[in-house]
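Residue numbers (the working numbering): 2 to 320.
Quick reminder that beta carbons are idealized off the backbone N, C-alpha and C, glycines included.
Laid out in structure tokens, this is it:
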């Protein structure tokens, strides 16, 4: 990490983030730092040996204590996100800076947003014709791939993996920052070469894709939510399908795909629940099921596009 160039300031999720060190994934969201910069969130280095969380299942260990979140990532470092306005990083010796940024901009920033009583979906998002769409799903389900495909169809990029939705006065997606993560298969599906792209983690086949030219930097009303998943079919002959979820089904899907909901502090649970109920009642939520075998990279964006066209036709007929 480069911590020799003074203060680094960035704009993401409607927040000014001021860091002691450069955050390369946010280079496209950099803002000019003049004099003493007052940010919404401060990022810095510090010793966190006294804040180690208890051992938990899995590779990473974490704990939520009131409005504080602490994460221990083996061979990366310890992270502390507190009170919605401060992230402290204690890197392990020789830690990969790209790996540090994965946790900093993922779990830690997600925890900060939860602490600020924001509602966050585990989703990528894009804007098209003045409205926004969120693509939810578990890791590896195709959120980033589908969003990249929609950009080739004329959409504008809003964010990758974390989707901040505010009520102002209608549900609105707040732009994240102009960078996303794609694996090699997703790059090939979208006809993008990995040559020259930054590898995010040395032990993972993920690359950083910058969307500086395609980025939409304005909050945009949320029109619909798509949830990607796998159906029961295993044969390549079975086709993908899309259906609108019922109110109860939408609530269940929104709960399941709230970003790192275990990191939500008790003081933010009521807001998260209220936002889920509002979205389920007023925003169409669609479930897309695809077979576990077969190439669906072209099929899913087509299903999304057709549904968007139908929603546009419905809106036109009502106006």
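Residue i by DSSP, collapsed to three states: which one?
i           : result
residue 272 : helix
residue 213 : coil
residue 12  : strand
residue 234 : Low confidence applies here, because residue 234 scores a pLDDT of 49, under 50, leaving its location unreliable; read the following figure in that light. Of the three classes helix, strand and coil, the one that applies to residue 234 here is coil, per DSSP.
residue 166 : strand
residue 313 : helix
residue 267 : helix
residue 84  : coil
residue 244 : strand
residue 59  : Caution is warranted here: a pLDDT of 49 is assigned to residue 59, below 50, making its placement in the model unreliable, and the coordinate value is therefore given only provisionally. Coil, per DSSP.
residue 308 : helix
residue 224 : strand
residue 32  : strand
residue 49  : coil
Do you know whose CA, among the options, lies nearest residue i's CA?
i           : options         : result
residue 16  : 49, 29, 42, 27  : 42
residue 314 : 130, 95, 26, 24 : 130
residue 271 : 120, 24, 40     : 120
residue 201 : 13, 19, 25      : 25
residue 95  : 85, 78, 275     : 78
residue 322 : 285, 31, 243, 8 : Lying before the first or after the last residue shown, residue 322 is absent from the chain, which here runs from 2 to 320.
Mind checking whether the beta-carbon of residue i lies closer than 7 Å to any heavy atom of the ligand SAH?
i          : result
residue 41 : Although the ligand SAH was asked about, the structure shown includes no ligands whatsoever.
How far does the beta strand (DSSP E) with residue i in it reach, from first residue to last?
i           : result
residue 125 : 120-129
residue 73  : 69-74
residue 172 : 172-175
residue 100 : Per DSSP, residue 100 belongs to no beta strand (DSSP E); it is in the alpha helix (DSSP H), 98-104.
residue 46  : 42-46
Using beta carbons (cut-off 8 Å, strictly below), is residue i in contact with chain D?
i           : result
residue 240 : Of the protein chains in this structure there is only one, and it is not chain D.
Using beta-carbon positions only, say whether residue i and residue j come within less than 8 Å of one another.
i           : j           : result
residue 241 : residue 174 : no
residue 288 : residue 225 : no
residue 248 : residue 137 : no
residue 91  : residue 141 : no
residue 255 : residue 280 : yes
Can you tell me where the alpha helix (DSSP H) holding residue i begins and where it ends?
i           : result
residue 1   : Absent from the model: residue 1. The displayed extent of the chain is 2 to 320, so no value can be given.
residue 299 : Here residue 299 belongs to no alpha helix (DSSP H), and DSSP marks it neither H nor E.
residue 198 : First-last for residue 198: undefined, no H or E at that position.
residue 160 : Run containing residue 160: none in the alpha helix (DSSP H); it sits in the beta strand (DSSP E), 157-160.
residue 24  : No alpha helix (DSSP H) contains residue 24, which DSSP labels as neither H nor E.
residue 116 : 110-116
Is it a yes or a no for the segment 145-156 touching the segment 107-119, going by three-plus beta-carbon pairs under 8 Å? The segment 145-156 vs the segment 107-119: no contact.
Could you tell me whether the segment 63-77 touches the segment 109-116, using the rule of 3 or more Cβ pairs below 8 Å? Segments in contact, yes.
contact_flag[the segment 164-172, the segment 184-195] where n(CB pairs < 8 Å) is 3 or more: no
Kindly confirm or deny that the segment 178-186 and the segment 208-217 touch, where touching means at least three C-beta pairs closer than 8 Å. yes
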